[in-house]
Structure formats: structure tokens, C-alpha cells
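The structure appears below as C-alpha cells.
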Amino acid sequence: MIAKLRLLILPTDKAIFRRVLVLAFPVILGNLSRVLMNVVDVAMVGRLGTKALAAVGLGAVLIWTILSIGISFRTGVQTVTARRYGQKRFSDCGLALNTGLVLAGMVGVVLAVVGYKLAGTAIRFLIDDPAVIPLAIAYTQWSFVGAACITISYAFQGFYNGVERTRIHMEVTIVSNLLNIYLDAGLIFGNARLTEMLAASPMGDLSFLSVLWSPFDFPALGVEGAAIATLCAAVWMIIHYTIRGFTQEFRRNYGAFKGGFNREILKKEVEIAAPQGFQEVGVMVVYVLFFKIIGIIGTLEVAATQVVFTLAMASFLPAVGFGVACATLVGKALGEEDPERAAISMLESVRWSVVFMGTMGILFLLFPRPILSIFTNERAVIEMGLLPLRILGVVQFFDAVGLTLWFGLSGAGNTVFPAIIDLSLSWGIFLPGCYLLGIVFDYGIVGPWLAFALYLFLYAVTITWKILKGDWKEIKV
């Protein structure tokens, strides 16, 4: 019994335990900067009122319903790159990047056109509030303009993570997020109102900071300005990633941007990316319908859900860092034909994720009101979000396991099983549960969040069973 407890609590392999942290830490810092950006984004938009907050919430879910397919490009490139890295076939790492960039760019352009044209129809389907609809459409259309930048940046991430250079991901993410926050402040409020807000800050007179925005004549664009700021930051990410790729290290060692389109690698990347692409889009459609159900319940509930969802993304992102490290180490170990090392890498990654997400969960359970107050000063929104945030706190513990093992299984090359399970549970349990509990049984906002918790619990249990089965160790990439 004591031995089993030691296995659960203490590291099995201290070297791998440390390596997971070394690889994950830059990703976590980058993701935390993204969290800060999201917090600032929502906090700024929240100052425009409940309608604006609801518009951004609906727009963000719709955008990521389409652009979530970009995550599959990261997985495809990273899985192939990490496996070739472990096999010491370094030139193929560069080919994996080149091929992934072409594929991601082509798909990104298509997504941009389709998303822009369908934005109005989709928003009107999601909500019928005449004050929210035009705000949400403007935000969504501007965001879709940068779709290709998002998909291409995911391909870059996959390459740099696959060759264990996660610091580049951190560097690019932090710089782009700082740019986003700067442009958010200027384009949402404009120079004049921004100066007034800084002068009336709860922290004292901060009007001296307005000099940072004074070189430019920023117009007050409101919600639309938030989307334009995000677009500019996405363009910068591509520029930054490309500059890093042209350095001597990556040109000489991996042949980045040399060669070109490789059909064999393309086939591998598509085999890995396609199931995950269907998974991401299919699940995000469920989240759109989740927001639709919340919208039926009420606009106030949509605003509260947007705030809690932002916190959900904030709490998940540190675990994404450990998941990225897990996928890289699993792919590399399998490339070195060491499946046991791959299994230990999964275990140590899960251990780190549970610590981080569990800590966030405890904070959500104990201090929901102060946390929600960071995002909005509207008392009704805060009161509405209290119980959903506590439910999210409970979710953290088992979602840490499911999320990390999903990365591990993807790093091994198995994206089919997670896709089937995720789509089955989201459409078969989560979505019907949202409608039944939220609308039919009239539990209000709490009903859909309870369905969300059940869905993630069942997913974690199923993925854990698949990992313990062990057949992923035989996958060839």
C-alpha cells in the first residue's frame, strides 16, 4: 500500500521528471502570458458592458470552432518531428516543418474565407439579442481575416516543440501577447478615453502611462478594436517564428525552409492531423451549441459563462505545457525504440499537470467571488458565475489527467481513438446533458456546467484505460 502511494506521489524517474519541467516551463510561461492577455482582453471588453462581453464570448467560441483545426497541424508536425528527432534523422525534421507550413497555409486561407462569409449567419443562429448581434459579427469577421496566420503558427509550434526548443514558443507568444494588450487598450478605448481611465484607476492616477499610446492616434473601436488587435498580434507571430527559423542553427541542422513539399511526410502528417482536426471541430461545434443553450437561458448567463470559460482556458493552459512536453518526450522515446521511457514520460507529465491544475481548482473552490471580480464589475454577472466556477474547480483534477494523456497518445501517433471517444462523449453525453439539465429540467446555468463536468470525467477515465492497455507503444510513424 505504501509502495503504491509512493508511486502516485513521488517521481518514478527524477531525470524525466525534471526534463518534463524543463520542456514544459517555457510553454507554461508562454501560455501564462496568453492567459494574461485573455484576462486583460475580457477585463477591457467587460468595461464596455454585458452586451459587449456576450458578443466577444459568442464570437470567440465561433472562431475557435473553425480555427481549432489548426491544433491538428501542430500535432501532426510535432509528432513527426519528435519521432525523426529521436531517430537522428534531423533533415526530415525540417521537411516536416516545410510540409506542415504549406498544408497549414492552404487550409488557413480556406478557413478565413468560409469563416468570414458565414459569420453573420452563425451569430444570428446563436443569439437573437439585437444589441449583441452586430457587435459579435464585427468581432468575428475581423478575427477570421487572420485565420491563415493562426494555422501557420501552429505548424511552427509543432516543429520547435518537436526538436525540444520550447523556449521559442515562449518567446514568440510573450512578445505577441504584449503587442496584443498594447493594441487592445488603444483600439478598444481610443486615446482620450484611455487617458481618462488611467487617471481614474483604482491603483491611483496612472495617466502618465498614456504617453505609451500618444505616438499614435488610436480610434475608439470598442469590440471591433479588440479583434483588430488580435489580428495584428497573429501576423507578428508568423514574422517572429520565420525570423527564428532562418537562423543558422535551424537552417544548418534541420534544413528549415530548404527542400520543400515531401509526399511521404505529408501522408504521415495528414494521417495524424486529420482525426484530430475532425475531433477539434466536432467538439467545438458542441461548445457553440453549449453557448446557444446558455443563450436560450439568458444574456446574463452568456456573459457569466464567458468569464468562467476564460478562467477555464487559463487553468487548462499550464497543463497544455506539460502535455506538449509529454508528446515530445513520448515521440522521441519511441523514435529511440524505448517504449518504457515513453510510458514513464506520460506518468511524470500527468504528475506535474495534477499539481498545477489541482492548485487552480482549489483556488476556484475557495475564492470564486474575488476571482470573478477581476473580469467584471457587474454584480449580477459575478453572482451568476459563482457556482459554475466552483464546478470548474472540481473538474480540474480529473481533466489534468485526460488532457495530458491526450497529448501523450497523440505524441505516440494515435489520434483516432481520442477523436472517437471525444466526439462520442461530447455529442452523446455533454450536449444532450446541457439541454436536459439547462432547459428541460430548468437548472439554469448550472445544468450545462454539470454536464460539462461529467463529460470530462468520462473522457479522463477512458483515455487512462487506453494508455494502460499499452498498444500505443507499437505505433509506427
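Adding 476 to a residue's 1-based position in the sequence shown gives its number in the working numbering.
From the three backbone atoms N, C-alpha and C, an ideal C-beta is built for every residue, glycine too.
Subject >> C-alpha distance - residue 552 paired with residue 748, whole-angstrom precision >> reply: 5 angstroms
Original post:
Three or more beta-carbon pairs under 8 angstroms between the stretch 580 to 591 and the stretch 622 to 633, yes or no?
Top reply: yes
Subject >> C-alpha gap between residue 494 and residue 824, whole angstroms >> reply: 9 angstroms
Original post:
Terminal residues of the continuous alpha helix (DSSP H) containing residue 833?
Top reply: 815 to 842
Original post:
If residue 779 and residue 921 are in contact, beta carbons under 8 angstroms, what's the gap, nearest whole angstrom?
Top reply: Rounded, the Cβ-Cβ distance is 11 angstroms, inconsistent with contact.
Subject >> Rounded distance between the beta-carbons of residue 953 and residue 889, thought under 8 angstroms >> reply: 4 angstroms
**OP:** For residue 697, name the three-state secondary structure that DSSP assigns.
**Re:** coil
Original post:
When the Cβ atoms of the stretch 540 to 555 are set against those of the stretch 748 to 767, are three or more pairs found closer than 8 angstroms?
Top reply: yes
Subject >> From 595, 739 and 869, residue whose alpha carbon lies closest to that of residue 571 >> reply: 739
Original post:
Rounded to a whole number of angstroms, what is the C-alpha to C-alpha distance between residue 943 and residue 854?
Top reply: 45 angstroms
Subject >> residue 523 versus 660, 901, 680 and 685, residue with shortest Cα-Cα distance >> reply: 660
**OP:** Sort 727, 813, 789 and 914 by Cα distance to residue 869 and report the nearest one.
**Re:** 789
**OP:** State the Cα-Cα distance for the pair residue 906 and residue 828, rounded to the nearest angstrom.
**Re:** 27 angstroms
**OP:** Closer than 6 angstroms by C-beta to residue 909: which residues in its own chain qualify, once you throw out the five before and the five after it? Chain order, please.
**Re:** 927
Original post:
Fully enclosed by the stretch 840 to 894, which beta strand (DSSP E) runs are 3 residues long or longer?
Top reply: none
Subject >> Enclosing alpha helix (DSSP H) for residue 618 [first to last residue] >> reply: 609 to 621
Original post:
Contact between the stretch 696 to 707 and the stretch 521 to 540: three or more CB pairs below 8 angstroms?
Top reply: yes
Subject >> CA-to-CA distance, residue 710 to residue 595, given in whole angstroms >> reply: 19 angstroms
**OP:** Assign residue 925 to buried or exposed, taking buried as 16 or more other Cβ atoms, counted over all protein chains shown, within 10 Å of its Cβ.
**Re:** buried
**OP:** For residue 568, count neighbouring Cβ atoms within 10 angstroms of its own Cβ and tell me buried if that reaches 16, exposed if not.
**Re:** buried
Original post:
residue 656 lies in the alpha helix (DSSP H); which residues open and close that run?
Top reply: 642 to 675
**OP:** Could you tell me how far apart the beta carbons of residue 519 and residue 897 are, in whole angstroms, since I believe they sit closer than 8 angstroms?
**Re:** Not really, about 36 angstroms apart at Cβ, beyond 8 angstroms.
Original post:
In terms of residue numbering, what span does the alpha helix (DSSP H) encompassing residue 789 cover?
Top reply: 775 to 811
Original post:
Using the C-alpha atoms, what's the distance from residue 502 back to residue 796?
Top reply: 11 angstroms
**OP:** Return the CA-CA distance between residue 697 and residue 792, expressed in angstroms with no decimal places.
**Re:** 31 angstroms
Subject >> C-beta contact flag for residue 592 and residue 699 at 9 angstroms >> reply: no
Original post:
Taking the Cβ atom as the reference point for each residue, do residue 876 and residue 834 lie within a distance shorter than 9 angstroms?
Top reply: yes
**OP:** Measure the Cβ-Cβ separation of residue 506 and residue 558 and say whether it is below 9 angstroms.
**Re:** no
Original post:
Counting Cβ pairs closer than 8 angstroms, one from the stretch 663 to 670 and one from the stretch 684 to 697, do we hit at least three?
Top reply: yes
**OP:** Give the C-beta separation of residue 939 and residue 882 to the nearest angstrom, bearing in mind that I take them to be a contact with Cβ-Cβ under 8 angstroms.
**Re:** 6 angstroms
Subject >> residue 803 Cβ short of 8 angstroms to the ligand NAP heavy atom set >> reply: Among the ligands in the structure shown, none appear at all, so the ligand NAP cannot be discussed.
Subject >> Run of the alpha helix (DSSP H) containing residue 736, from where it starts to where it stops >> reply: Element bounds for residue 736: n/a, residue is neither H nor E.
Subject >> Helix, strand or coil at residue 540 according to DSSP, with G and I counted as helix >> reply: helix
Original post:
Roughly how many angstroms lie between the CA atoms of residue 602 and residue 487, to the nearest whole one?
Top reply: 47 angstroms
Original post:
Closest by CA to residue 716, which one among 852, 643, 676 and 671?
Top reply: 643
**OP:** Would you please state the rounded distance, in angstroms, between the beta carbons of residue 874 and residue 932? I believe it to be under 8 angstroms.
**Re:** 7 angstroms
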